[in-house]
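S.K.: I am attaching a structure below and will ask some questions about it afterwards.
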Amino acid sequence: MNDFEFHNPTKIIFGKEKENLIGQVLKNDGIKKVLFVYGQSSIKKTGLYDRVVKSLKENGIDFVEHGGVKPNPVLSHTREGVEKAKRENVDAILSVGGGSVLDEGKAIAVGAKSDKDVWEFFKGEPITDALPNYTILTLAATGSEMNGYAVVTNEETQEKLSISSILIYPKVSILNPQLTFTVSPQYQAYAAVDAIAHTIEWYFTCSICPNLQNRLVESIVKTVMETTEKIIQNPTDYDARAEFMWAATLALNGITRTGYAGGIYVNHMIAHSLGALYDLPHGACLSIVIPAWMWWYKDKNRNQFERFAKEIFGLSNPEDGIKALKKWFKKVGAPVALQDANIPSSDIDKIANHVYNTTAKMWGLDKIYTVDKLKEILYLALRSNIE
Ligand code: NZQ
Ligand code: ZN
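Using the working numbering, the first residue of the sequence shown is number 23, and each one after it goes up by one.
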């Protein structure tokens with residue numbers, strides 16, 4: 023077991039109809055005015071918008087709206103939110119939506135407390151202050167509801183970068199699985215890939231790999247797979263939605279990483295470039311990258327790959343385990359090759375250079391993941407190269 027510090031300050035309120043508590047939650051914390059951040063249209067279609075507004079009004083919470091957050095949130099819209107939060111002098115952010123909405127809300131929380139342009143924090147400026155942020159989650163996938171990360175795309179420079187700080191963990195996140203009943207089977211597949219990715223990144227790259235952590239990861243992966251199949255069959259299966267939702271939160275709230283040594287988020291590093299260059303859903307970027315990276319890396323930590331094949335699929339060798347995961351991604355409807363997302367093989371050079379010059383350098387992984395190695399991985403992401 024490696025040494026660690028674990029501190030997760032987010033309070034979770036989980037269960038049916040709990041979104042109606044939002045006004046009371048804010049009032050209890052002395053919040054008087056919020057920036058109400060939401061996405062394109064889903065919360066209005068489902069009626070959630072009306073319920074949130076009712077709860078805010080009943081509890082005397084004033085609010086200013088910042089709707090229209092895009093999937094893969096963009097810097098220009100984030101900057102508009104920062105301006106609004108400053109101009110209106112709000113004392114908290116309330117984000118209602120999926121990971122994109124939550125992430126933009128967190129970035130606004132940082133920008134609103136600074137004279138610097140918000141993008142500077144994504145380029146490495148230390149975060150020293152942020153407005154408190156509160157969330158109601160409508161799409162379980164990213165874990166943003168209980169972590170200190172936010173990812174935003176600068177659409178001018180085509181960079182998809184992240185910030186990380188204890189100051190942007192949500193104060194309170196409300197998780198009602200019923201709110202996810204309307205998530206489409208396609209997004210459910212992407213969500214499943216993302217939650218699996220969050221746990222297996224460290225599981226496969228660890229140098230100290232305690233059994234407790236391995237079993238936590240395997241439990242999350244199995245739960246995600248089992249519940250996703252049930253959800254695709256029956257989108258209003260409450261228990262499946264509930265177990266999936268909590269599994270996705272646990273996958274990236276820090277708990278699965280404690281005690282591991284040596285882990286890195288290499289698949290995310292590559293996936294963020296695919297997201298930045300092609301504006302694909304995050305989970306779809308990951309399902310293309312993961313089988314290719316696993317194949318490329320399997321002999322560097324073979325024990326973990328053997329374990330994965332056996333525990334998740336009952337198979338005896340790593341290669342079969344990787345093929346089985348790829349097959350499962352495909353079965354639930356996620357792309358598993360660059361061509362599935364209409365990315366031609368001639369783009370591999372461009373993608374490898376993009377990964378190397380953006381996230382690889384920022385995350386200090388450029389010494390291991392050189393352009394040539396990234397190209398090797400991306401070649402394995404071409405159709406039929408792992409069959
Ligand atoms: O915009 P609306 O109309 O709300 O529609 C959204 C969007 O089109 C829709 N949706 C959300 N809840 C719904 C719903 N549709 C029907 N019913 C509901 N209940 O789903 C679409 C996708 O939403 P989005 O928020 O983009 O998805 P997700 O939660 O997967 O978030 C993806 C973003 O999070 C980042 C990704 O890079 C990407 O930008 N990530 C954030 C992380 C974090 N903060 O810790 C970690 C992750 O690794 C990831 O990088
Ligand atoms: Zn992710």
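C-beta atoms are modelled at their ideal positions from N, C-alpha and C, and glycine is treated no differently. Computed from a predicted structure; not experimentally measured.
What separation, rounded to the nearest whole angstrom, lies between the Cα atoms of ARG101 and HIS88?
M.R.: So the alpha carbons of these two residues sit roughly 11 Å apart.
S.K.: Return the chain-ordered ranges of every beta strand (DSSP E) run that is complete within the region 164 to 221 and spans a minimum of 3 residues.
M.R.: Listed in chain order, the complete beta strand (DSSP E) runs (minimum 3 residues) inside the region 164 to 221 are 171 to 176, 181 to 186 and 194 to 197.
S.K.: Below 8 Å on the Cβ atoms is my contact criterion, and I expect THR204 with SER64 to pass it. Report the Cβ-Cβ distance as a whole number of Å.
M.R.: Sure, about 7 Å apart at Cβ, within 8 Å.
S.K.: Closer than 6 Å: is that where the CB of ASP216 sits relative to any heavy atom of the ligand ZN?
M.R.: Within the cutoff, so yes.
S.K.: Smallest Cα separation from ALA374: which of GLY355, LEU296 and ARG329?
M.R.: Nearest C-alpha to ALA374: LEU296.
S.K.: Please report the residue range of the alpha helix (DSSP H) in which GLY285 lies.
M.R.: Premise fails: GLY285 is in no alpha helix (DSSP H) and is neither H nor E.
S.K.: Tell me which residues share the same chain as LYS128 and place their Cβ nearer than 7 Å to its Cβ, disregarding the 5 neighbours each side in the sequence.
M.R.: Result list for LYS128: ASN155, ALA172 and ILE190, in chain order.
S.K.: Any heavy atom of the ligand NZQ closer than 6 Å to the Cβ of VAL205?
M.R.: Yes.
S.K.: Can you list, in chain order, the stretches of the beta strand (DSSP E) that have 3 or more residues and sit fully within the region 80 to 166?
M.R.: Whole beta strand (DSSP E) segments, 3+ residues: 84 to 88, 114 to 119 and 155 to 159.
S.K.: Any heavy atom of the ligand NZQ closer than 6 Å to the Cβ of ASP72?
M.R.: For the ligand NZQ, not one heavy atom lies less than 6 Å from the Cβ of ASP72.
S.K.: Across which residues does DSSP place GLY59 in a beta bridge pair?
M.R.: According to the sequence provided, residue 59 is Val. The question's Gly does not apply to it. Beta-bridge pairing links VAL59 to HIS88 and SER117.
S.K.: From HIS290, ILE230, THR164 and ASN81, pick the residue whose C-alpha is nearest to that of VAL47; which is it?
M.R.: Among HIS290, ILE230, THR164 and ASN81, the Cα nearest to that of VAL47 belongs to ASN81.
S.K.: Please find out if some non-hydrogen atom of the ligand NZQ comes closer than 6 Å to the beta-carbon of THR160.
M.R.: Because some heavy atom of the ligand NZQ lies under 6 Å away, the Cβ of THR160 counts as near it: yes.
S.K.: Excluding the 5 residues flanking ALA211 on each side, which residues of the same chain have their C-beta closer than 6 Å to its C-beta?
M.R.: Answer for ALA211: VAL354, GLY355 and ALA356, listed in chain order.
S.K.: Under 6 Å: does the beta carbon of THR227 sit that close to some heavy atom of the ligand NZQ?
M.R.: No, Cβ of THR227 sits at least 6 Å from all heavy atoms of the ligand NZQ.
S.K.: With distances taken from CA atoms, which of ILE222, GLN200, LYS244 and LEU43 is nearest TYR319?
M.R.: Among ILE222, GLN200, LYS244 and LEU43, the Cα nearest to that of TYR319 belongs to ILE222.
S.K.: What's the gap between the Cα of PRO207 and the Cα of ILE254?
M.R.: Each residue's Cα considered, the two are about 6 Å apart.
S.K.: Quick check: the region 322 to 329 against the region 179 to 193, are there 3 or more CB pairs under 8 Å?
M.R.: Touching, no.
S.K.: Within 10 angstroms of the Cβ of PRO199, are there 16 or more other Cβ atoms? Answer buried if so, exposed if not.
M.R.: With 16 or more other Cβ atoms within 10 Å, it is buried.
S.K.: What is the residue span of the alpha helix (DSSP H) that ILE312 lies within?
M.R.: Note, ILE312: alpha helix (DSSP H), 304 to 319.
S.K.: Measuring alpha carbon to alpha carbon, tell me which of HIS304, VAL358, VAL288 and ALA346 ends up nearest THR392.
M.R.: Ranking the options by Cα distance to THR392, first place goes to VAL288.
S.K.: List the DSSP bridge partners of LYS33.
M.R.: Paired residues: VAL194.
S.K.: State the Cα-Cα distance for the pair LYS66 and GLU39, rounded to the nearest angstrom.
M.R.: Near 16 Å, if we compare the C-alpha coordinates of GLU39 and LYS66.
S.K.: On a Cα-Cα basis, can you pick out the residue from LYS138, PRO93, TRP141 and GLY103 that is closest to GLY120?
M.R.: When each option's Cα is compared against that of GLY120, the closest is PRO93.
S.K.: Going along the chain, which residues of its own chain have a beta-carbon closer than 7 Å to the beta-carbon of GLY165, five neighbours each way excluded?
M.R.: HIS220, ALA270, THR271, ALA273, LEU274 and ASN275.
S.K.: DSSP state of ILE230, grouped into three classes?
M.R.: Note: ILE230 maps to strand in three-state DSSP.
S.K.: Once DSSP output is grouped into helix, strand and coil, what is the label at PHE335?
M.R.: Helix at PHE335.
S.K.: Would you call HIS376 buried or exposed, if buried means 16 or more other Cβ atoms sit within 10 Å of its Cβ?
M.R.: With 16 or more other Cβ atoms within 10 Å, it is buried.
S.K.: Which word fits MET23, buried or exposed, when buried means at least 16 other C-beta atoms lie within 10 angstroms of its C-beta?
M.R.: Under this definition MET23 is an exposed residue.
S.K.: Taking DSSP as the reference, what is the three-state secondary structure of PRO357?
M.R.: In this structure, PRO357 counts as coil in the three-state DSSP scheme.
S.K.: If you pair each beta-carbon of the region 241 to 256 with each one of the region 290 to 309, do three or more pairs fall below 8 Å?
M.R.: Short answer: they don't touch.
S.K.: Please report the distance separating the alpha-carbon of ILE44 from that of ILE188.
M.R.: One C-alpha to the other measures close to 22 Å.
S.K.: May I ask you to check if the CB of ALA163 is nearer than 6 Å to at least one heavy atom of the ligand NZQ?
M.R.: Checking every heavy atom of the ligand NZQ against the Cβ of ALA163, one is found closer than 6 Å.
S.K.: State the DSSP-derived secondary structure class of ALA403, mapped to helix, strand or coil.
M.R.: Residue state, collapsed to three classes: coil.
S.K.: Specify the secondary structure class of GLU39 as computed by DSSP and reduced to three states.
M.R.: In this structure, GLU39 counts as coil in the three-state DSSP scheme.
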